[in-house]
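Some notes on the structure that comes next.
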Amino acid sequence: MKVSCEVIKDLLPLYIDDICSEESRQLIVEHLQTCETCKAELAAMKDDLPIDTYQQNLKEAQVVKKIAKKWKKGMLKSFVKGGIITLLILAIISIILFFVADLSLVFGK
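Going by this note's numbering, the letters in the sequence shown line up with residues 1366 to 1474, in that order.
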């Protein structure tokens, strides 16, 4: 898939900070293999960053990834809990309606 250099240049900061998606990363790597202009842009961006800032950005990116992973797990647990609670409520309502209908048959109301 042919991607313009402008799109790649927009994604390079995310690539450098290691916070882009795996699909974007693969797209950038493929583009950099064939485009010397973007390769030079990437090198210039990396050279502009002091080493301490670059290392700090990598650490922050790793923290963000860990938080995102925990958040996704938490969302899944919340959906499962919500589903279980919904099923329990429906079961209780069904049981109550069954007994109310059964009582009306017994007493003829």
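Even glycine gets a Cβ: it sits at the ideal position worked out from N, Cα and C.
Quantities reported herein were computed from a predicted structural model and do not represent experimental measurements.
How many angstroms separate the CA atom of residue i from the CA atom of residue j?
i, j, result
"C1403", "L1397", "6 Å"
"S1459", "K1437", "33 Å"
"I1432", "T1451", "28 Å"
"L1453", "S1443", "15 Å"
"C1370", "V1445", "43 Å"
"D1412", "E1387", "24 Å"
Suppose the cutoff is 8 Å on Cβ atoms and the five residues either side in sequence are ignored; what does the same chain contact list for residue i look like?
i, result
"S1389", "L1376, L1379, Y1380"
"E1395", "none"
"E1425", "D1382"
"C1400", "C1370, I1373"
Under 7 Å Cβ to Cβ from residue i, same chain only, skipping five residues before and after it: list those, please.
i, result
"L1407", "L1377, L1397"
"V1368", "L1392, H1396"
Given a cut-off of 8 Å on the beta-carbon distance, is the pair residue i and residue j in contact?
i, j, result
"V1429", "I1384", "yes"
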